[in-house]
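Residue numbers (the numbering used here): 8 to 232.
This is the structure we're talking about:
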């Protein structure tokens with residue numbers, strides 16, 4: 008069976024878990040029954056409920072591309088907000104930053120708070136000061152295309168993305184799966200996805216492309232704007 012961009016997304020989240028990251032999810036799920044603390048009062052057909060839970064060991068894909076966390080099926084991955092944070096000294100900070108950046112490169116939405124602003128993260132790296140350096144764009148900028156013609160007389164670094172060296176280890180990062188953007192970044196235009204395995208293409212073509220872009224001083228997250 009061919010893999011998809013969801014396999015890639017779930018695989019990165021599992022690597023984050025393995026690196027010691029605290030991974031939680033927030034979503035809405037329907038339950039067949041609700042059990043009160045008494046455990047004798049089950050209410051069948053309860054309304055959908057907002058839930059928040061920590062993933063302790065495993066996130067994987069089950070049948071029909073459904074996501075399973077610690078043995079529990081999630082209804083709709085696109086409705087899930089993942090919260091990622093570090094817990095020194097148990098978390099590998101360098102690997103955490105690399106994987107957060109990988110999620111952003113792959114097209115998924117990674118957001119955090121820088122100062123008073125909610126921003127979209129493009130890159131993350133650890134500093135010797137026990138802080139994190141983030142390259143980011145403001146949310147409104149992330150939602151529009153970068154018109155080079157309109158900005159030809161301006162410094163793109165000053166007008167589009169920002170840097171901060173002041174993110175603490177307590178910063179929470181919020182991630183959502185973006186299937187459309189992930190497809191756009193992984194596959195050429197009009198490409199038949201059934202002809203090539205997604206994970207194979209990702210490892211063989213996409214990741215080397217991201218490394219090459221950084222070697223030339225590019226911010227890969229801006230290439231797609």
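For each residue, glycine too, the CB sits at the ideal point set by N, CA and C.
Keep in mind that this is a model prediction, so the values were computed, not measured.
- Task: Using three-state DSSP, classify residue 195 as helix, strand or coil.
- Result: Residue 195 falls in the coil class under three-state DSSP.
- Residues bridged to residue 217 [DSSP beta-bridge criterion]: According to DSSP, residue 217 bridges with nothing at all.
- Query: Leaving out the 5 sequence neighbours to the left and right, which residues in its chain are closer than 6 Å to residue 61 when beta-carbon positions are compared?
  - Reply: 31
- Going by the beta-carbon positions, is the gap between residue 99 and residue 26 smaller than 9 Å? It is a contact, given that the beta carbons lie within the stated cut-off.
- Query: What is the C-beta distance between residue 101 and residue 133, in whole angstroms, given that I count them as a contact (C-beta under 8 Å)?
  - Reply: 5 Å
- Message: I'd like to check one pair, residue 119 with residue 141: are the Cβ atoms closer than 9 Å?
- Response: Yes, they are a contact pair.
- Opening and closing residue of the beta strand (DSSP E) in which residue 118 lies: 116-121
- Query: Looking at C-alpha atoms only, which residue of 86, 144 and 63 is the closest neighbour of residue 56?
  - Reply: 86
- Apart from the five residues on each side of it in sequence, which residues of its chain come closer than 6 Å, Cβ to Cβ, to residue 144? Shown here for residue 144: same chain residues with a beta carbon closer than 6 Å to its own, the five before and five after excluded, namely 127 and 168 in chain order.
- Task: Measure the C-alpha to C-alpha separation of residue 179 and residue 219 and round it to an integer number of angstroms.
- Result: 29 Å
- Item | Contacts around residue 164, its chain only, beta-carbon distance under 7 Å, and the 5 residues preceding and following it disregarded | In this predicted model, residue 164 has a pLDDT of only 49, less than 50, meaning its place in the structure is not dependable; the value taken from the coordinates is given anyway. Nothing listed; no residue qualifies.
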